[in-house]
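Asks: I'd like to ask some things about the structure below.
In our numbering, the protein residues as written are 173 to 582.
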């Protein structure tokens, strides 16, 4: 689906910084509690929210804390008491939240967080890649990745809608600096619109002194496995909940995310011989390269997973079924093997009737610029991919600078 079709621009668009736009989207969701700790490049989200609270425009309890760990813990307490809770973080801050976020998933608390994706140190970097989000892959949190500021806003609203139905936390990812600090036109939803789409939270169980109960208790071996299974079951059930949510979102807001049940966004993929798979803001550059290839008569397309957890395996099998080759562009790496993203795509295709060769390309790490010619080079390279590539051929680092490597080569 073309991005222009999704955006459905109107006269009510505002041009604003990505972090401020996300904060206004959060305000429309009317959270009861906001707790976060500043960290680049996320800080603008909580700065704006604190300003909105201080100015009386957002009726929420803004709880200041001394670390990301305590921000997540505060949200756990608030959510367990029945509140709609929001936080935001990035990079090392997300790692500091990792322990309480696993707890939130196990306690089935629908906390929504905006994650301004940023690399993890060392070496220290403040720029964007997806290492932080992928490090939380197995925590039991829903995960979405936005291409632009509009999606970053909308994913927060969809996140609350889905998380509060399946009782799991949600990470709404948007690329640091590329989206957090860009000025883009976006439709800022009103509280009236959001109230039609997002009803007040009605938790089944809450901590209440008048009705004491225990949440997140100690579990013996004969009980613990079932708690993880319930997370898995809720995660898989969220697929249908997400599909229903994007349908209603389209009716209320006019923006269409319904392709493949809202799990994938495709661009000229239906008849493509060679398909690029990627998540996040890099998709905009890929679209331009695809257009150039199409103008030259070459059938190149793109598939962009919007949802990463739950993983869109059946949708990817369908979208990639007729491709001659697949290039996975990823801003993360699992040292010792290959990109986790590429590995999951290969796993999804294992039972497919058609198994195109899949080659992964690690690029854009720590904010390194990805140019159209970089993507064109990848397309030319993946055309030569074969179904039975050896492992040493399956991973490519097209942006490596050999002069910076020990020994001077790769």
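Cβ atoms here follow ideal geometry from the backbone N, Cα and C, with glycine treated the same way.
These numbers were taken from a predicted model, which means no experiment stands behind them.
Pairing CB atoms from the stretch 251-270 with CB atoms from the stretch 192-211, are three or more of them under 8 Å?
Replies: Yes: the two stretches touch, three or more of their Cβ pairs being nearer than 8 Å.
Asks: Distance, Cα to Cα, residue 453 vs residue 535?
Replies: Rounded to the nearest angstrom, the two C-alpha atoms are 13 Å apart.
Asks: With a CB to CB cut of under 7 Å and the five nearest residues on each side skipped, what residues in its chain are close to residue 222?
Replies: Around residue 222: 234.
Asks: Quick check for students: name the residue ranges of the beta strand (DSSP E) that lie wholly in the stretch 297-378, counting only runs of 3 or more.
Replies: Listed in chain order, the complete beta strand (DSSP E) runs (minimum 3 residues) inside the stretch 297-378 are 314-317, 342-347 and 355-359.
Asks: Which residues bound the alpha helix (DSSP H) around residue 439?
Replies: From DSSP, residue 439 is part of no alpha helix (DSSP H) but of the beta strand (DSSP E) over 436-439.
Asks: Kindly identify the DSSP beta-bridge partner or partners of residue 257.
Replies: Per DSSP, 205.
Asks: Since residue 276 is in the alpha helix (DSSP H), which residue starts that stretch and which ends it?
Replies: Counting along the chain, the alpha helix (DSSP H) containing residue 276 begins and ends at 263-278.
Asks: Please work out which residues of its chain come closer than 6 Å, Cβ to Cβ, to residue 432, disregarding the five sequence neighbours upstream and downstream, and give them in chain order.
Replies: Cβ neighbours of residue 432 beyond the five flanking positions: 487.
Asks: Tell me the DSSP secondary structure of residue 476 in three-state form.
Replies: Reduced to three states, the DSSP call for residue 476 is strand.
Asks: Under 8 Å by Cβ, that's how I've got residue 367 and residue 308 pegged, so tell me the actual separation to the nearest angstrom.
Replies: So it is not a contact: roughly 31 Å between Cβ atoms.
Asks: What number of angstroms, rounded off, separates the C-alpha of residue 586 from the C-alpha of residue 557?
Replies: With the chain running from 173 to 582 in the structure shown, residue 586 is simply not present.
Asks: Would the beta-carbon of residue 341 fall within 8 Å of that of residue 277?
Replies: Yes. Within cutoff.
Asks: Can you pull the DSSP bridge partners for residue 527?
Replies: DSSP lists no partner for residue 527.
Asks: Comparing alpha-carbon positions, which option in 300, 399 and 316 lies nearest residue 410?
Replies: Here the closest residue by C-alpha is 316.
Asks: Once you ignore the five residues that flank residue 306 on each side, which residues in its own chain have a CB closer than 6 Å to its CB?
Replies: Excluding sequence neighbours, residue 306 sits near 504 and 512.
Asks: Do residue 334 and residue 449 count as a contact pair if the criterion is CB distance below 8 Å?
Replies: No; because the gap between Cβ atoms is not below 8 Å, this pair is not in contact.
Asks: Here's the rule: buried if 16 or more other CB atoms are within 10 angstroms of the residue's CB, otherwise exposed. What is residue 460?
Replies: Exposed, by the Cβ-count rule.
Asks: In this structure, does DSSP put residue 558 in helix, strand or coil?
Replies: Coil.
Asks: So residue 499 is in the beta strand (DSSP E); what residue range does that whole segment cover?
Replies: Note, residue 499: beta strand (DSSP E), 497-502.
Asks: When you compare the CB positions of residue 190 and residue 323, do they come within less than 8 Å of one another, or not?
Replies: Against a cut-off of 8 Å, the Cβ pair of residue 323 and residue 190 comes out as no contact.
Asks: Nearest-angstrom Cα distance between residue 570 and residue 546?
Replies: Approximately 8 Å, taken between the alpha carbons.
Asks: Cβ of residue 201 within 8 Å of Cβ of residue 329?
Replies: Result yes, Cβ atoms of residue 201 and residue 329 sit closer than 8 Å.
Asks: Using the Cβ count rule (16 or more neighbours within 10 Å means buried), how would you classify residue 395?
Replies: Exposed, since its Cβ has fewer than 16 Cβ neighbours within 10 Å.
Asks: Hey, how far is the Cα of residue 437 from the Cα of residue 430?
Replies: C-alpha separation (whole angstroms): 9 Å.
Asks: What's the call for residue 224, buried or exposed, on a 16-neighbour Cβ count within 10 Å?
Replies: By the neighbour-count rule (16 or more Cβ atoms within 10 Å), residue 224 is buried.
Asks: Could you check if residue 362 is buried or exposed, using at least 16 other CB atoms within 10 Å of its CB as the buried criterion?
Replies: Exposed is the call here.
Asks: Tell me residue 533's beta-bridge partners as DSSP assigns them.
Replies: 501 and 568.
Asks: Does DSSP classify residue 543 as helix, strand or coil?
Replies: Looking at residue 543 - three-state DSSP - the assignment turns out to be coil, as it is neither helix nor strand.
Asks: Quick check on DSSP: helix, strand or coil for residue 214?
Replies: Residue 214: coil per DSSP, three-state reduction.
Asks: Straight-line CA distance for residue 404 to residue 538?
Replies: Cα-Cα distance, rounded: 31 Å.
Asks: Measure from the alpha carbon of residue 444 to the alpha carbon of each residue in 579, 497 and 517, then state which is nearest.
Replies: Cα-wise, what sits closest to residue 444 is 497.
Asks: Express the C-alpha separation of residue 525 and residue 214 in angstroms, rounding to a whole number.
Replies: Going from the Cα of residue 214 to the Cα of residue 525 covers about 43 Å.
Asks: Just the Cα atoms here: how many angstroms apart are residue 248 and residue 400?
Replies: Answer to the nearest angstrom: the Cα atoms are 18 Å apart.
Asks: Within its chain, find whatever has a CB closer than 7 Å to the CB of residue 185; leave out the 5 residues flanking it on each side and keep chain order.
Replies: The answer, listed in chain order, is 357, 358 and 359.
Asks: If you run the structure through DSSP and keep just helix, strand and coil, what is residue 461?
Replies: Looking at residue 461 - three-state DSSP - the assignment turns out to be helix.
Asks: Going by C-alpha distance, which of 295, 304, 343 and 300 is nearest residue 312?
Replies: When each option's Cα is compared against that of residue 312, the closest is 343.
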